[in-house]
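Asks: The structure that follows is given in the form of structure tokens.
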Amino acid sequence: MGMREPSIVENILITTKVEKVLNWSRATSVWPLSFGLACCAIEMMAAGAARFDFDRFGSGIFRASPRQADLMIVAGTVSYKMAPVIKQLYDQMPEPKWVMALGSCATCGGPFDSYHAVQGVDKIIPVDVYVPGCPPRPEALIYGFMKLQDKIMNSSLADRYREVFEPVE
Amino acid sequence: MSNEKPVQPEVDQEIDLALEKALGAPQAPPAPYVYDYKTSPNRQVVMPKTVPLSGLNAYLAEKAALEAAEEAKWQKAQADYAAAKAKAEAEGAPEPKAPVRVQPKKEPDLTVPVPSEAKDPDLLRLMALLGDGVEEAFEQSGELTCQVARERLLETLKLCREDAALKYEMLADETATHFPAAKDFAFSVVYHLTSISRSKRLRLRILIPEGFEPQSAVQVYAGANWLEREIFDMFGIRFQNHPDMTRILCPEDWEAHPLRKEYPVVGWGQRDVDFREDRSGMLNRIALEKAGQLGINLKRPKAE
Ligand code: SF4
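Protein sequence lines, in the order shown, are assigned to chains Y and S.
Numbering of the first sequence is given in this note's numbering, commencing with residue 13 and proceeding in unit increments.
Numbering of the second sequence is given in this note's numbering, commencing with residue 17 and proceeding in unit increments.
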């Protein structure tokens, strides 16, 4: 009762799921939207530059248009005046799309428990990864990004479909 | 607010109806749109009672009051001593100790610069040109400050810019303060002038009560445009003859003016933003409009 010998066809083919291929291709080329709101954006720029080199993950191509972007990195303080704009940018991004809240301002309002700041960008748009810190170092951003890659690799099309198309209570 | 709402065009109503039909929500989101800041006690504002508006006159008055208090204390000590002495003599007891006047220390306190009389030629020239238009002029740690009558502000600015001996070509900054305890001069508007050719700086200020509309400085310094819009946004001071007296930092439908002392840090103007079921923010806008909160700050407050 040994293992079955692979057939000739199986020797030259790799079998996998379509979903996996899609996830892999998505996770290894996540294009972020170049979009910074406050001090945290400086860290995001550092992460994109030579020293930390975001390009290693296939995601260094910061797009200038939301229509070409997959990932929105909300880097900075979200003010009430900016909130509708962010919402609109998010709506203009094509599915599948992900959002990362970078820094304590974007996760929960941060030091600005104040009249002008939205207490966390998750009040406006759904967030996939939260990166704490004021500001988080570029390593933290990269770690958060790797977590997002894990999430993308483990996501299934059915879940995504449900998330997008089912009505919200 | 509700009874003077303009009649909406029919197209708007149609959109409204279509939205209601599509979303099945006759009443737009039930969430409260403005936080009730009064329900949370730690959000309440404590109004300051003091009037910390510095100046030469205030400094001199404070000094005189301190000296008077010191003198009164000394007089009382002497009177007490005389009484005690008379009593001791009558009873044959030993004489009480005579009070000693405490001399103030000779060394001046160098840490706090105090305002002093105006000696700078610029201030003297302004005083000569404006006469009693200058309410107060003093120097403090090398900074020149001139407080002018609020009606003569424009004239002063023109002088500062055009007079051959002054030549302040640039308005570096314009800002305001709010000290509500000082009723008739609750606000001050401060102009920081810079003379590039003469490397000098001058601070002009006017004191105004609530509701007073000072003249806009835009006619003299074009750069005052946005600065005055910011002052209006933050303090609610309106400027006469300003080309575009609208908000500049806060959203247009913002409530009240955030840098006033009576404004709570959290509360007014904040609202729940949850666009998740309202993908373009349309319902939010409609709800705001229905609540009469859309664009309330674009209207002029009515005179009492
Ligand atoms: S979290 Fe800190 S560093 Fe980041 S935007 Fe806010 S205040 Fe700036």
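Glycine residues also receive a C-beta, built at the ideal position from the N, C-alpha and C atoms.
The structure displayed is predicted, hence computed values, not measured ones.
Using a Cβ-Cβ cutoff of less than 7 Å, which residues in the same chain neighbour A76/Y once the five nearest sequence positions on both sides are dropped?
Replies: Locating residue 76/Y in the first sequence gives position 64, where the first residue counts as 1. Around A76/Y: S46.
Asks: I want to verify the contact list: residues of chain Y whose CB lies under 8 Å from the CB of P230/S, in sequence order.
Replies: In the second sequence, counting from the first residue as 1, residue 230/S sits at position 214. The contacting residues do not exist; P230/S stays about 26 Å from chain Y at best.
Asks: Strictly closer than 6 Å from CB to any heavy atom of the ligand SF4: give me those residues in the order they appear in the chain.
Replies: The set of residues with CB atoms less than 6 Å from any heavy atom of the ligand SF4 reads, in chain order, A50/Y, C51/Y, C52/Y, G88/Y, T89/Y, G115/Y, S116/Y, C117/Y, G122/Y, P123/Y, C146/Y and P147/Y.
Asks: Any C-beta of chain S sitting closer than 7 Å to the C-beta of Y243/Y?
Replies: Beyond the ends of chain Y as shown, which are 13 and 181, falls residue 243/Y; an answer cannot be given.
Asks: Compare the C-beta of P196/S against all C-beta atoms of chain Y and say whether one is closer than 7 Å.
Replies: In the second sequence, the residue the question calls residue 196/S occupies position 180. False, the Cβ-Cβ gap to chain Y never drops below 7 Å.
Asks: Please check the pair G72/Y and G60/Y, which I expect to be a contact at CB under 8 Å, by giving their CB distance rounded to whole angstroms.
Replies: On the first sequence, residue 72/Y is found 60 positions in, with the first residue counted as 1. On the first sequence, residue 60/Y is found 48 positions in, with the first residue counted as 1. Indeed, because the Cβ distance is near 6 Å, the residues count as touching under 8 Å.
Asks: Since P274/S meets chain Y, which of its residues come closer than 8 Å, beta carbon to beta carbon?
Replies: In the second sequence, residue 274/S corresponds to position 258, counting from 1. Those are Y127 and H128, listed as they occur along chain Y.
Asks: Can you give me the C-alpha to C-alpha distance between I164/Y and F74/Y, rounded to a whole angstrom?
Replies: Residue numbering aside, residue 164/Y sits at position 152 when the first sequence is read from its first letter. Residue numbering aside, residue 74/Y sits at position 62 when the first sequence is read from its first letter. Spanning the two alpha carbons is a distance of roughly 19 Å.
Asks: Can you tell me which of the three DSSP states G48/Y falls into?
Replies: Here residue 48/Y corresponds to residue number 36 of the first sequence, with the count starting at 1. Reduced to three states, the DSSP call for G48/Y is strand.
Asks: Please classify I232/S: is it buried, with 16 or more other beta-carbons within 10 angstroms of its beta-carbon, or exposed?
Replies: As a position in the second sequence, residue 232/S is number 216, starting the count at 1. Residue 232/S is actually Ser in this sequence, not Ile. When all chains shown are included, S232/S counts as buried.
Asks: Quick check on the burial criterion: 16 or more other C-beta atoms within 10 angstroms. Buried or exposed for K99/Y?
Replies: Position 87 of the first sequence, counted from the first residue, corresponds to residue 99/Y. Buried: at least 16 other Cβ atoms inside 10 Å.
Asks: In the DSSP assignment, find the beta strand (DSSP E) that holds R166/S and state where it starts and stops.
Replies: Numbered from its first residue, the second sequence carries residue 166/S at position 150. From DSSP, R166/S is part of no beta strand (DSSP E); its letter is neither H nor E.
Asks: In chain order, what residues of the same chain lie with their CB nearer than 8 Å to the CB of D140/Y, ignoring the 5 residues before and after it?
Replies: Along the first sequence, one-based indexing puts residue 140/Y at 128. Excluding residues within five positions, the ones whose Cβ falls inside 8 Å are W110, V111, M112, L160 and K163.
Asks: Whole angstroms are fine: how far does the CA of L187/S sit from the CA of I136/Y?
Replies: Working through the first sequence from its first residue, we reach residue 136/Y at position 124. Working through the second sequence from its first residue, we reach residue 187/S at position 171. Cα to Cα, the separation comes out at about 40 Å.
Asks: Let me confirm a value: C266/S is counted as buried when at least 16 other C-beta atoms fall within 10 Å, else exposed. Which label applies?
Replies: Here residue 266/S refers to the residue found at position 250 of the second sequence. Its Cβ being crowded by 16 or more others within 10 Å, C266/S is buried.
Asks: With the cut-off set at 7 Å, would you say L160/S and L139/S are in Cβ contact?
Replies: Your numbering for residue 160/S matches position 144 in the second sequence. Your numbering for residue 139/S matches position 123 in the second sequence. In this structure, L139/S lies closer than 7 Å to L160/S by Cβ.
Asks: Here's the rule: buried if 16 or more other CB atoms are within 10 angstroms of the residue's CB, otherwise exposed. What is Q163/S?
Replies: If you number the second sequence from 1, residue 163/S lands on position 147. Buried, since its Cβ has 16 or more Cβ neighbours within 10 Å.
Asks: Would you kindly check if the distance between the Cβ of L169/Y and the Cβ of E31/Y is under 7 Å?
Replies: Position 19 of the first sequence, counted from the start, is the residue given in the question as residue 31/Y. Position 157 of the first sequence, counted from the start, is the residue given in the question as residue 169/Y. Cβ atoms of E31/Y and L169/Y: closer than 7 Å.
Asks: Could you check if R221/S is buried or exposed, using at least 16 other CB atoms within 10 Å of its CB as the buried criterion?
Replies: Looking up residue 221/S in the second sequence gives position 205. Burial call: buried.
Asks: V141/Y by DSSP, collapsed to three states: which one?
Replies: As a working note, residue 141/Y is residue 129 in the first sequence. V141/Y falls in the strand class under three-state DSSP.
Asks: State the CB to CB distance for the pair P115/S and Q94/S, rounded to an integer number of angstroms; the pair is presumed to be in contact (CB under 8 Å).
Replies: The residue you call residue 115/S lines up with position 99 of the second sequence. The residue you call residue 94/S lines up with position 78 of the second sequence. Taking 8 Å as the upper bound for CB-CB distance, P115/S and Q94/S are in contact here, some 6 Å apart.
Asks: By DSSP, does D82/Y sit in helix, in strand, or in coil?
Replies: As a first step, residue 82/Y is located in the first sequence; it is residue number 70 there, counting from the start. Correct three-state label for D82/Y: coil.
Asks: Apply the 10 Å Cβ neighbour rule to N35/Y and answer buried if 16 or more other Cβ atoms are within range, or exposed otherwise.
Replies: As a first step, residue 35/Y must be located in the first sequence, where it is residue number 23. With 16 or more other Cβ atoms within 10 Å, it is buried.
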